[in-house]
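Residue numbers (my numbering): 177 to 740.
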C-alpha cells in the first residue's frame, strides 16, 4: 500500500513510523508541511492509498480528507482533545495515558477512532515520555490502524459513543501555567513545571536580566542558595536555587526580540555568555554513586567484569567540548580492569553526532564544525582501536549521522526494539566522517553502505539487525532497558569464548590496518568535510541554519520522499 506521511518535521516518531511501515511491506513517502503551508498542494504530488499524520499541527482541509483517507496520530487517550495533550498529562501527574489514531474530519481531534493504545507514564520529562512510552504505544496503534484499514472490513469507533471515553476538551497549555515563582515554589513544583516543557516550548523566565526559555530540569541534592539565584555550573548547565533546594537547567533559549532571528537551544553557560556571573564549576564525580540525586551527562560504573560508560547529552548533539569530555571518560574506562565495556545504555538519545546548535551559535561556524568533527573522530578512533576487551554500544534511544558511526565503532551494537538509526549526513549536505568508510562497509558490505548513505533514510532496529548494523535486539520497556543491558553484559563477561573473541578482534584490526590504515580513511573523509565547511556557499550552511532555527523546509533538510 502507498502511504504518505505528513509531518511538521522529520522528528523521532515520524522516522520510526516511516521505518516500521516500510518493514511491514508498505511503500512510504514523507512530506513536510511548512507552517502556514498548504497540505493540499503537498498531497497533490502523490497518489496515496492512505495519508497518515504522525506529527502534524496543521489542520487538514476538507479537500484533502474528503479525497483521501487520512489518519491522525494523537498522543492522548480516546476522548481527550486539545493542542497540549502531553503537557496536561505530565502536569497532572497522570499514571496512564495513551495514543489514539483517528480519522481526519472537520471536528478537530474528533474523528472516528481506528486504534487506541494505552501506555504508562513514568515520572520523566515530556520529551522523554514522547520518545519512549508514547512512541511505543503510537507504533502499536499505527500498525493496528493500518492493518484494520487494509482489511476493508473494520468500522472505526465514534469517540463520543465509546464506552468509558467521555470527551474532554482542554485548552492550550500557556506559559502562564508554566511560570515558576522562585520565591514560593518548592523544588518538586519547579521540576514539574520544567518537565512539562523541557524540549518545547520551554519555560519562559527571567535570568541575568534577560528573558529566556528554560529547557530541562534535574534535582540537585546538596547545593542551595537564595531562591532564584544561580549557585554553580556543571558541564554547561547552571544550578539555580529554589526555596528549599536547587535544580540543574542544562539548556536555555533566548526569547526572540523584534528583528532578531529565532533563538536556539544552547548549553546554558554558552547561551548566557558574558551575562553569566562568576560561579563555581562543580563537576560531578565520574563514578557518581547511585545514592546521589544530581545531574550529570556522563557517569561510569562497574558490575562484575563489565564497565558501563553511561552518557546522555541534551538533544543528542555532541559539541567539541562534550566529545572531548566523553573521550577522557572513555580513556578512564579503558584503564579499568574490565573485560566488557558498554557505552550508552540509557533512555535518551544515543548520539546525533556533531552539535549543530553550538556550531550555528559560534563566531565562526566553519571553524567550529571542523573542531567538532575532529573531536568526534578522536572519540570514534579510541573505540575502534580498543583491542584488549569487547566494547558494546547499547542504544536505548535513537542515533543519527555521526552518532550511528560512533555506535558502529563498537564490537557489538545492542538496540532496544524501538530504536531508529538514521545516517542522515546527505540531508545536511555533508559527505560524512567518523570513519564511516571503514565501519559501515565492514558490517553491511560496500554496496549496501553506499546505498544507506545515499538514501539517508531512517532504519529501524529490526531492519538494522537483518542487514548487519545491529547485533542484538533487546526486547524491553524504556525503563527496563538499562537493567537488561547490565544483565546481558554480565553474561558476556563469563562467556567461554570471550578470550578467543578478543584475540580475534585484535588480529582483525591489525590486518585491516595493514591493508588500509584508519588514518587514510580519516584523511579522505575529512578532506571532503573540510571543503564543505569552509565553502560559505555550501548547502550545509543553509540547511544547518534552517534545521537549527526551524525554518521552512524549502531551505531546510531534504524531506524523505523516495518511497520504500
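Heads up, the beta-carbon is just placed ideally off N, CA and C, and yes, glycines get one too.
- The C-beta distance from residue 221 to residue 185 rounds to 18 angstroms, too long to fall under 8 angstroms, and the pair is not in contact.
- Check the Cα spacing between residue 716 and each of 197, 259 and 546: the tightest is with 546.
- Counting other Cβ atoms within 10 Å of its Cβ, residue 569 reaches 16 or more and is therefore classed as buried.
- Scanning the stretch 647-678 from its first residue to its last, the whole beta strand (DSSP E) runs of 3-plus residues come out as 648-650.
- As computed with DSSP, residue 178 is found in a beta bridge with 203.
- Each residue's CA atom was taken as its position, placing residue 235 and residue 619 some 43 angstroms apart.
- Residue range 496-511 is occupied by the alpha helix (DSSP H) that includes residue 497.
- One alpha carbon belongs to residue 574, the other to residue 524, and they sit about 8 angstroms apart.
- With a beta-carbon spacing of about 12 angstroms, residue 290 and residue 334 fall beyond the 8 angstroms limit used to define contacts.
- Shown here, residue 197 sits in a helix according to DSSP, grouped into three states.
- Classified as buried, residue 277 has 16 or more neighbouring CB atoms from the shown chains inside 10 Å of its CB.
- Per DSSP, residue 351 lies in no beta strand (DSSP E) segment; the continuous alpha helix (DSSP H) that holds it begins and ends at 351-354.
- CA-to-CA, the gap between residue 466 and residue 399 works out to about 18 angstroms.
- Residues 636, 638 and 639 of the same chain have their beta carbon placed closer than 7 angstroms to that of residue 199, with the five preceding and five following residues left out of the count.
- Counting other Cβ atoms within 10 Å of its Cβ, residue 274 reaches 16 or more and is therefore classed as buried.
- In this structure, DSSP gives residue 596 an extended state, which the three-state scheme calls strand.
- Burial is judged here by how many other beta carbons sit within 10 angstroms of a residue's own beta carbon; residue 482 has at least 16 and is buried.
- Following the DSSP letters along the chain, one finds residue 516 inside the beta strand (DSSP E) bounded by residues 516-520.
- Our two residues, residue 473 and residue 282, have alpha carbons roughly 45 angstroms apart in a direct line.
- In the DSSP assignment, the residues bridged to residue 409 are 414 and 457.
- Shortest Cα-Cα distance from residue 233 to any of 280, 196 and 239 involves 280.
- For the set 515, 460 and 537, the Cα lying nearest the Cα of residue 501 is the one of 460.
- About 7 angstroms separates the beta carbons of residue 267 and residue 368, which is inside the 8 angstroms limit, making them a contact pair.
- Going by beta carbons, residue 265 and residue 230 fall outside the 8 angstroms limit.
- For residue 382, the enclosing beta strand (DSSP E) begins and ends at 379-383.
- Residue 372: not part of any alpha helix (DSSP H); DSSP gives it neither H nor E.
- When secondary structure is reduced to three states using DSSP, residue 687 falls in the helix class.
- Of the residues assessed, residue 454 falls on the exposed side of the cut-off, its CB having fewer than 16 other CB atoms within 10 angstroms.
- Checking the DSSP bridge columns, you'll see residue 389 partnered with 380 and 429.
- Assigned with DSSP and collapsed to three states, residue 394 falls in strand.
- In the structure shown, residue 288 falls within a coil segment according to DSSP collapsed to helix, strand and coil.
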